[in-house]
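Participant:
In the working numbering, the protein residues as written are 15 to 787.
#1: For the candidate residues 197, 525, 134 and 94, whose alpha-carbon lies nearest to that of residue 127?
#2: By Cβ distance, which residues of its chain are closer than 7 Å to residue 378, with the 5 residues on each side in sequence left out?
#3: Using a Cβ-Cβ cut-off of 6 Å (strictly less than) and excluding sequence neighbours within five positions of residue 444, which residues of its own chain qualify?
#4: In angstroms with no decimal places, state the Cα-to-Cα distance between residue 148 and residue 91.
#5: Between residue 770 and residue 757, which are expected to be in contact by the criterion C-beta below 8 Å, what is the C-beta distance as a whole number of angstroms?
#6: By DSSP, does residue 577 sit in helix, in strand, or in coil?
#7: Quick check on residue 408: does DSSP put it in helix, strand or coil?
#8: In this structure, how does DSSP classify residue 129 when only helix, strand and coil are distinguished?
#9: Taking C-alpha atoms, which residue in 765, 420 and 539 lies nearest to residue 477?
#10: Starting from the C-beta of residue 472, find all residues in its chain whose C-beta is less than 6 Å away, skip the five residues before and the five after it, and write them out in chain order.
#11: Give the secondary structure of residue 530 by DSSP, where H, G and I count as helix, E and B as strand, and everything else as coil.
#12: Just mark residue 397 as buried or exposed, buried being the case when its beta carbon has 16 or more other beta carbons within 10 Å.
#13: At the level of alpha carbons, what is the spacing between residue 215 and residue 199?
#14: Excluding five sequence neighbours on each side, which residues of the same chain lie with their C-beta closer than 8 Å to the C-beta of residue 107?
#15: For my contact list, residue 748 and residue 766 are in at a C-beta cut-off of 8 Å; report their separation, rounded to the angstrom.
#16: Less than 8 Å between the beta carbons of residue 615 and residue 582, yes or no?
#17: Quick test of your reading: residue 105 and residue 66, contact by CB under 8 Å. State the CB separation rounded to the nearest angstrom.
#18: By the three-class DSSP mapping on this structure, what secondary structure does residue 750 have?
#19: Any idea what DSSP makes of residue 464, helix, strand or coil?
#20: I'd like to know if the region 406-413 and the region 359-368 are in contact, where contact means that at least 3 CB-CB pairs between them fall below 8 Å.
#21: Please classify residue 584: does DSSP put it in a helix, a strand, or coil?
#22: When you compare each of 510, 562, 534 and 374 to residue 504 by their alpha carbons, which one comes out closest?
#23: Look at residue 590 and residue 627 and say whether their C-beta atoms are less than 8 Å apart.
#24: Report all residues from its chain with a CB closer than 8 Å to the CB of residue 630; omit the five preceding and five following residues, and keep chain order.
#25: Going by beta carbon distance, what residues of the same chain come within less than 6 Å of residue 603, once the five residues before and after it are set aside?
#26: With a 10 Å radius around its C-beta and 16 neighbouring C-beta atoms as the bar for buried, classify residue 47 as buried or exposed.
#27: Counting pairs of beta carbons, one from the region 506-519 and one from the region 456-464, are three or more of them closer than 8 Å?
#28: Starting from the Cα of residue 816, find the closest Cα among 607, 573, 31 and 386 and give me that residue.
#29: Answer yes or no: do residue 362 and residue 118 have a C-beta to C-beta separation smaller than 8 Å?
#30: If residue 567 and residue 577 are in contact, beta carbons under 8 Å, what's the gap, nearest whole angstrom?
#31: Quick check on DSSP: helix, strand or coil for residue 50?
#32: Within 10 angstroms of its Cβ, does residue 387 collect 16 or more other Cβ (buried), or is it exposed?
#33: Give me, in chain order, the residues of the same chain whose beta-carbon lies closer than 8 Å to that of residue 440; leave out the 5 immediate sequence neighbours on both sides.
#34: For residue 719, count neighbouring Cβ atoms within 10 angstroms of its own Cβ and tell me buried if that reaches 16, exposed if not.
#35: In three-state terms, what does DSSP make of residue 709?
#36: Skipping 5 residues on each side, what residues in its chain have a beta carbon closer than 8 Å to that of residue 347?
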């Protein structure tokens, strides 16, 4: 794989692209001959940023405008985009470093492909680094758990064990105390009952009289005091000794947690490292013993500090943490100002982003005041909130506020100092712009933060928000939420699914709701795509071999199922196995979960032969007496392109001989000579052409004049390329999004991969893009 990548990095435009081998040692191209098409076909969501930028550089040299369109195609949530936001961010940062004017002057078009939230994210990553999200996620996991085997992890484990022992001792002690208190209370209660009975008997023995003696009154008072004291000890009311003890215990626990976190940061900072095994086992043992001793000493220091901790220590630590937070915010703000003042490229991009938000927000305010609420954009939703992480790192809110409320817009602003002016306009941005617009948009987060669950409009919840918040909806507003889902199922209400990828919906089948929301969103997705058109007589060939494990496997199952449901009869609900002996399967099951499970459990092989795929299609068509119009038009191949052998002519892999007899009779040197000769003589272009001619002949013999076209759909980072850019009757696409299926919903055949590439970036939104440097 490394060899393939290294060769790919040196590609140039050529009619004869370089050759190589797949991971399974089958011949393959390393390029289509068109760097832009290579970028389109090979860049998928799991492509490392280094490889993405290398392909991007080659493509830009070949055709800058086409490459710019492909960058925005990565982000496209709508249209024919790939919904690959991480790939888009990597490409955007490359543009900023190499073509800053082009990126800055095209930020206004970002919302047409993705969301306005992409703009602050780009600025944020310019400050914090491209991989800041993954780094923060890993650091959070390390802070929470520590790397297994590290000093922090061992210390946490030791601390948890000691805490567990202390808790068990405390529980046992509390049980013993409760038992003693219960026995004591039982005795006091019995004594009080005996006293009451004695008083009653004495009253009965004495003759009736109007009043009570002083002795009787004292007895009653004593009885009430005893009862009150017993009730007091039982409940531990505020002010009682028991209440005070419990309060002190809670305070000590709080101090313990706070001091532990601070001491932990002081003692273990920069010590979370991966341990590399040494060749000297004795040295490893000595290091481990030293580490264990240090951990014991560190923990003992924590225990000593906890035992001697006072309430003043707790207050001091809180004050120290508060000062550190303020200092961190101040340092971030200073860095943002320095970057803005010293970096003209960043300053231009920052100003363009602020201009886009400010102009859109002012336009939305006009729509809101005029009652045209349907024309309000989502700028208020994606504009950073004051003091959010985006705002603290980029100071974006003050830049937007300056433009919405310039100094000359109010006489009061002209009399204020700069700091007071910024404070004033930031506050006005929040109160007079963001809050009213967000309330008008009826964003689910507004109702959730206000705890107005019974007023939340579920029909306005976006698809991703529905996926993320469904558990909260069920927890806080279960009755209304279930009623809404029932209305969706019966067709009385709609549920959003547009921004979700097919495999994301399928992965949600195992969520706590039992997959109810996933089933409904899948149905809505199929319905939405069907409205764009039908996949007339199409079928999917799904690769779920071992090399596809992980996310590519899930994507393959999801897209294969989607194609089967979008196809028309007689091919609707059918898929073909990826094997040397392909089989046509009818997908069984009534629910989404049962259908996906059926596809995963089918008997899959580990190689493929496209001639046999077409032979199987032809056999089914002949046996079913299908007409020309009913014949399959397109075959979607969802795979990582690491084929064993896609040809029906070239049956042998490199490294093997023509027959088992030859293997037995020929020595290794002779086999190598034979294979070297085969490599020199093999021409995949001619092989594919020969294959295609054979397939055409077979179809014509059976009365079918048109051969099904092939759509190679790449799902994994790979350099293997099945055909070149000019190959007739073939398309090359990639990614996890369903959007590219729209390219094949319309009538008309596939010309070649370059033609399909042009269709993918041929929408009206792409015409707004331009290259400036």
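For every residue, glycine included, the Cβ atom is placed at its ideal position computed from N, Cα and C.
Facilitator: Reading from the atomic positions:
#1: 94
#2: 390, 391, 393, 394 and 451
#3: 400
#4: 22 Å
#5: 6 Å
#6: helix
#7: helix
#8: coil
#9: 539
#10: 498
#11: helix
#12: buried
#13: 24 Å
#14: 136, 139, 140 and 144
#15: Residue 748 to residue 766, Cβ: 16 Å. No contact.
#16: no
#17: 7 Å
#18: coil
#19: coil
#20: yes
#21: coil
#22: 534
#23: yes
#24: 590, 596, 597 and 598
#25: 609 and 612
#26: buried
#27: no
#28: Any property of residue 816 remains undetermined from this structure, which presents the chain solely from 15 to 787.
#29: yes
#30: Residue 567 to residue 577, Cβ: 16 Å. No contact.
#31: helix
#32: exposed
#33: 400, 411, 412 and 415
#34: exposed
#35: helix
#36: 406 and 409
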